[in-house]
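Chemist:
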Amino acid sequence: MKKFQTFRITEEHQGLTVEQYLKSILQCSGRKIQKLTRAGGVRLNKRNAYLQKKIKSGDILDVLVLEDQFFGVKPEPGSIDILFEDPALIILYKPAGMLVHPAGQTTGGTLANYLAEYFRENGETITIRPLHRLDRDTTGCVVFAKDARTQSELEKQLQDGRLKRKYYAVVRGRIEPPSGSVDAPIGPHPTLPNRRAVHDQGERALTHYNTIKTFENYSLLELTLETGRTHQIRVHLSSRGHPVLGDRMYGKRSSLIPRQALHARSVSFCHPASGKLIEIQAPVPPDLENLISHLSL
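Take any residue in the sequence shown, count from 1 to its spot, add 1: that is its number in our numbering.
Right, here's the structure in full:
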């Protein structure tokens, strides 16, 4: 059975053609519009629509949901922890030691492989579309879109700052001032290919931080990303002389925790379908909880 998404035309979009609405408002590519028209997948007020037909306020536009043909990764049995799910998107908790998506020599055992198997078991073929990544040893929220339109809308929110990501990190020392921002460009490290560094030729990177709690030689920070550069939080904090505890790449190992003490605590965004504000939190993992308790003694 065909599934359609329904859109009520508002006054601000009156006068656009159906094709203009599909392209500029729904972010449909030319190829997708061709597929929709061939499948009879665009209806205006319950009738097949001509692409050059002008729309007016109050019109109802129904657009066929094009089914995905493949997962994009190999489905693989594995446990996933679902924080939120609806027909448009799914948010998972990523544990430490796992990649979000296959990369390099790692082709399986990732969050994406396990999610593909979850969809397959539920009789759905949905391409795996992560909106962002977390480092292997960072825990917390990861958002996946279930369709191309949701992906496009959430990517726009990510770019313009409406999709907000908050992190917890335990760092060495006490950062001064206790709240502020690090606005420093990040680019490839000049000599180490897998690392990033702050330098003038890099892309702009902006991280906001707030000290939640201080200990004798450490601090618990809440951080908000304004941009999404690779290793951004880790590079910025290290550049300020306060590397994330346990970060072997930008700091040093710690006997207190076997990984970097970094956790993607929450994500918030405007839901592409309902327009409602969604905020999802990931529980603090036991190793980070134990670390904070130990430092509090």
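Think of the CB as a built atom: it goes at the ideal place given N, C-alpha and C, for glycine as much as any other residue.
(1) Closer than 7 Å by C-beta to Arg-196: which residues in its own chain qualify, once you throw out the five before and the five after it? Chain order, please.
(2) Please determine, among Asp-82, Leu-132, Pro-76, the residue with the shortest C-alpha to C-alpha distance to Glu-122.
(3) Is the Cβ-Cβ distance between Val-66 and Gln-6 less than 8 Å?
(4) So, is Lys-157 buried or exposed, given that buried needs 16 or more other C-beta atoms within 10 angstroms?
(5) In angstroms with no decimal places, state the Cα-to-Cα distance between Asp-63 and Asp-87.
(6) Is the number of C-beta pairs between the segment 78 to 92 and the segment 262 to 282 that are closer than 8 Å three or more?
(7) Within the continuous alpha helix (DSSP H) that includes Ile-34, where are the two ends?
(8) What number of angstroms, rounded off, separates the C-alpha of Leu-17 from the C-alpha of Tyr-51?
(9) With H, G and I counted as helix, E and B as strand and the rest as coil, what does DSSP make of Asp-63?
(10) So for Leu-222, helix, strand or coil by DSSP?
(11) Tell me the DSSP bridge mates of Thr-215?
(12) Can you list, in chain order, the residues of its chain whose CB lies under 7 Å from that of Arg-241, leaving out five sequence neighbours each side?
(13) Below 7 Å CB to CB, which residues in the same chain sit around Leu-292 once its five sequence neighbours on both sides are set aside?
(14) Please state the DSSP three-state secondary structure of Gln-282.
(15) Just the Cα atoms here: how many angstroms apart are Val-19 and Gln-152?
(16) Where does Gln-6 fall in DSSP's three states?
(17) Throw me the rounded Cβ distance for the Gly-181 and Gly-203 pair, which I believe falls under 8 Å.
(18) Measuring CB to CB, does Leu-135 end up less than 8 Å from Leu-159?
(19) Does the Cβ of Asn-114 have 16 or more other Cβ atoms within 10 Å, making it buried, or fewer, making it exposed?
(20) Just to confirm the assignment, what range does the beta strand (DSSP E) spanning Ala-206 have?
(21) How many Å lie between Ala-206 and Ala-185 at the Cα?
(22) Could you tell me the boundaries of the beta strand (DSSP E) in which Asp-184 lies?
(23) Given a cut-off of 8 Å, decide if Leu-45 and Ile-34 are closer than it, judged by their beta-carbon atoms.
(24) Taking only three categories from DSSP, how would you classify Pro-287?
(25) Where does Gly-141 land, buried or exposed, given buried means 16+ other C-beta within 10 angstroms?
(26) Run the CB neighbour count on Pro-244, radius 10 Å, all protein chains shown included, and call it buried at 16 or more, exposed below.
(27) With Phe-120 as the anchor, note down where its alpha helix (DSSP H) starts and where it stops.
Modeler: Working from what's here:
(1) For Arg-196, the CB contacts under 7 Å within the same chain, skipping 5 residues up- and downstream, are His-190, Met-250 in chain order.
(2) Among Asp-82, Leu-132, Pro-76, the Cα nearest to that of Glu-122 belongs to Pro-76.
(3) In this structure, Val-66 sits near Gln-6, with a CB-CB distance shorter than 8 Å.
(4) So Lys-157 ends up on the exposed side.
(5) When rounded, the distance between both Cα atoms is 20 Å.
(6) Yes, the segment 78 to 92 is in contact with the segment 262 to 282.
(7) For Ile-34, the enclosing alpha helix (DSSP H) covers residues 31 to 39.
(8) Those two C-alpha atoms are separated by around 12 Å.
(9) The DSSP-derived three-state label of Asp-63 is strand.
(10) Note: Leu-222 maps to strand in three-state DSSP.
(11) Per DSSP, Ser-220.
(12) Contacts found: Ile-176, Val-183.
(13) Only Val-171, Leu-257, Ile-258, Ala-262 meet the Cβ criterion.
(14) Correct three-state label for Gln-282: strand.
(15) Near 21 Å, if we compare the C-alpha coordinates of Gln-152 and Val-19.
(16) Looking at Gln-6 - three-state DSSP - the assignment turns out to be strand.
(17) Wrong, their Cβ atoms sit about 20 Å apart, outside the cutoff.
(18) Inclusion of Leu-135 and Leu-159 in the CB contact set at 8 Å is not warranted, their separation being larger than that value.
(19) Buried is the call here.
(20) Neither: Ala-206 is in no beta strand (DSSP E) and is coded neither H nor E.
(21) CA-to-CA, the gap between Ala-206 and Ala-185 works out to about 6 Å.
(22) Its beta strand (DSSP E) spans residues 180 to 184.
(23) No. Outside cutoff.
(24) Reduced to three states, the DSSP call for Pro-287 is helix.
(25) Classified as buried, Gly-141 has 16 or more neighbouring CB atoms from the shown chains inside 10 Å of its CB.
(26) So Pro-244 counts as buried.
(27) 112 to 122 is the span of the alpha helix (DSSP H), which, as asked, contains Phe-120.
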